[in-house]
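The next block holds one structure in the form of structure tokens; read it before the comments.
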Amino acid sequence: MKTHKIGFIGGGNMASSLVSGLIASGHAAADIWVSDVNEAALATLAANLGINTTSHNADVVAATDVVVLAVKPQALKEVACGIAEVVRQQQVLVVSIAAGISQRGLAAWLGAKVPIVRCMPNTPALVLTGATALHANSYVSAKQRDLAESLMRAVGISLWVADESELDAVTAVSGSGPAYFFLLMEAMEAAAVELGLGAETARLLVQQTALGAAKIALESPESPEQLRRRVTSPGGTTEQAIRTFTQGGFTQLVARALQAARDRSIEMSEQMENS
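The opening position of the sequence shown corresponds to residue -11 in the working numbering, with each subsequent residue numbered one higher.
This is the structure:
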């Protein structure tokens, strides 16, 4: 990993987080390149992280072994077509973190035999606690798979899915997932204030409780169901709250929400690739 030169096309928050994570894990800043149309953003990245920057995407491809496409999905076609020739010449690995653009669409713009890894990261990558799912096309070598996985591990966990279509489900679960937890936290804060707590007290209690619950779930071999049962005493306060959630159709509502997100991911992908 440390001997590879890594490029990013797009210097936004996700790219910045990945670069920071790479440097923190020991990757040399001198081996990292970033291109962006925003020269002020490039100047900030160069000053803060000591990396190479340029406004020319092709320069990044020519200088690196792997290129991360970190632009908005709406801009990806133009970017991909603009670097297609040099990508084929350099035979670089292309890693896309743009939501909704399939490997088929990328291959149509970059070239049929280009090694492509498509990733679905999430926003906690911004604080190095992300969850990323990856899928590689048939032109990606074993070494390139390891490289892509190591790259995304710089900002959290990374795992592979067997079929690209699973990335739509990943989008619904972990891609959009942080917002679901924020929604629950928002509702708990509001309810806590209604119960008489001060707003700041409510916020701190909810935030620390969410952190603690996540930490226990990560570190315990038990399932969420088992953990829930452990803190749900018969006839107690937690049981009353859980019963209220259940009677309100909480489990079914979560299932419908994730299905709606998955379906929208498929729909958006079709719209963007056909535009």
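All C-beta atoms in this analysis are idealised placements derived from N, C-alpha and C, irrespective of residue type, glycine included.
Counting only the Cα atoms, Lys65 lies some 28 Å from Gln247. Closest option to Val74, judged by alpha-carbon separation, among Thr189, Val219, Leu30 and Thr52: Thr52. Scanning its chain for C-beta atoms nearer than 6 Å, with the 5 sequence neighbours on each side dropped, one finds around Ala124 the residues Val105 and Arg133, in chain order.
Where Gly(-5) is concerned, the enclosing beta strand (DSSP E) starts and stops at Ile(-6) to Ile(-3). Excluding its 5 nearest sequence neighbours in each direction, Val219 has C-beta neighbours in its own chain below 8 Å: Thr226, listed in chain order. If you keep only unbroken alpha helix (DSSP H) runs of at least 4 residues inside the region 34 to 94, you get 45 to 51 and 61 to 78.
Note: Arg106 is bridge-paired with Ser84 and His123 in the DSSP secondary-structure output. For Leu241, the secondary structure class from DSSP, reduced to helix, strand or coil, is helix. Segment contact: the region 75 to 94 against the region 30 to 43, fewer than three CB-CB distances shorter than 8 Å; contact not assigned.
For the 8 Å CB-CB criterion, Asp24 and Lys(-7) do not form a contact. For Val194, the enclosing alpha helix (DSSP H) begins and ends at Ala187 to Glu207.
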